[in-house]
Amino acid sequence: MKQDVFPIVEISQLSEAIRHTGPFADELVLWEVENTNEIPDDEETPPIRLNGVLVFLITDGTLKISIDYIQYEAKAGSLVIIMPDHITQFKDRSKDLQAHILVVSKTFLESTGMSKTPPPMLQYMYVRKNPCTKIEPEDQEVLTDAYLHIRKKLTNRKHNYLRETVQNALMGFLLELGNIFRNRQEITPPLLTRKEELFEQFLRLLYEYGKEEHRVTFYADKLFITSQYLSSILKELSGKPANKWIEDTLILEAKLLLKAPQATVQQVADQLHFSDQSTFGKFFKKHVGMSPSEYRKS
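According to the numbering used here, the sequence shown is numbered sequentially starting from 67.
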């Protein structure tokens, strides 16, 4: 089985590290940081991937964080959303840091039913490309109320339908979150044409299978169209054919993985489902102009 070159942190491990106890400690964590004495002493963590979604609502102080090797400084009024595929490294925090933190596992998230009604691609891509964003005070108040509503439901452990009430409260929080990002779009996205729908569906598939499936035919088959038609649509709408989209996704992921000092080139090749290290090296050098080892040194 191919191992991720970054440690995968489970929700249960996080719960143990912060001494969190609760009815869903391995699936859902609510953590209110009111002073940095509650945070483990290490100022800087190694790069990790969290097996869940993490939401920071910062009310005071400053948090310095690296997401996919881009440095962010989140201050009061900032909202930070870290997705499972993000490579995250916590750098530093101020002594007066205060934040509401919600961490939810992918399985618990799916149990709310939200995964069956994914947000529009433009909204989803906005969140992915803007993991750290400043929000309005009224939006911060709405999210805080929704967060506290989840916490209130969690305290009623004798409720016969505890899981269901917590799931509904979490769905309410996520809907408020989605509403905030939807409102950040200046205009409501117009109805998509058939070609635009296929482009959106291709992006979804590429996000899900991009590391392991390198063939255009795989994505075309999933969309029930020919490879030639898929490439022509992508070329028309984005200026890039399907194979270029796949290659760019692989190169971006390879660059991120190669920045991890503990990752060998062989591990990166395995992670990206290349047949061997040599094939990966030739692919990387063709598109980047240097070998993986040279890129790492540079």
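Glycine included, every Cβ here is placed at the ideal spot set by N, Cα and C.
Being a predicted model, the structure only gives us computed values, none of them experimental.
If you run the structure through DSSP and keep just helix, strand and coil, what is residue i?
i: Y227; result: coil
i: E93; result: coil
i: R362; result: helix
i: Q332; result: helix
i: R260; result: helix
i: T283; result: helix
i: I77; result: helix
Excluding the five sequence neighbours on either side, which residues of its own chain have a C-beta within less than 7 Å of the C-beta of residue i, listed in chain order?
i: E278; result: H339
i: Q233; result: S177 and T178
Compute the Euclidean distance between the alpha carbons of residue i and residue j, then round it to the nearest angstrom.
i: D92; j: R260; result: 42 Å
i: L156; j: Q137; result: Here residue 156 turns out to be Phe, not Leu, going by the sequence shown. Roughly 10 Å between the two C-alpha positions.
i: R281; j: I114; result: 29 Å
i: L80; j: P203; result: 29 Å
i: L241; j: N196; result: 18 Å
i: L316; j: V331; result: 14 Å
i: A335; j: L324; result: 10 Å
Apart from the five residues just before and just after residue i, which ones in its own chain have a Cβ nearer than 8 Å to its Cβ?
i: Y213; result: L96, L123, H166, L168 and F239
i: N117; result: I74, V75, E76, I77, P150, S171 and K172
i: Y275; result: F284 and Y285
Around the C-beta of residue i, are 16 or more other C-beta atoms found within 10 angstroms, so that it is buried, or is it exposed?
i: K219; result: buried
i: T345; result: exposed
i: F349; result: buried
i: D287; result: exposed
i: R223; result: exposed
Mind checking which residues open and close the alpha helix (DSSP H) that includes residue i?
i: Y213; result: P203 to T221
i: K321; result: A308 to L324
What residue does the beta strand (DSSP E) around residue i start on, and which one ends it?
i: K130; result: T128 to I133
i: I167; result: Q164 to S171
i: E139; result: I136 to K141
i: I148; result: S144 to I148
i: T154; result: T154 to R159
Give a yes or no on whether 8 Å exceeds the smallest Cβ distance from residue i to chain B.
i: F239; result: Checking the listed chains, one finds no chain B in this structure; it contains a single protein chain.
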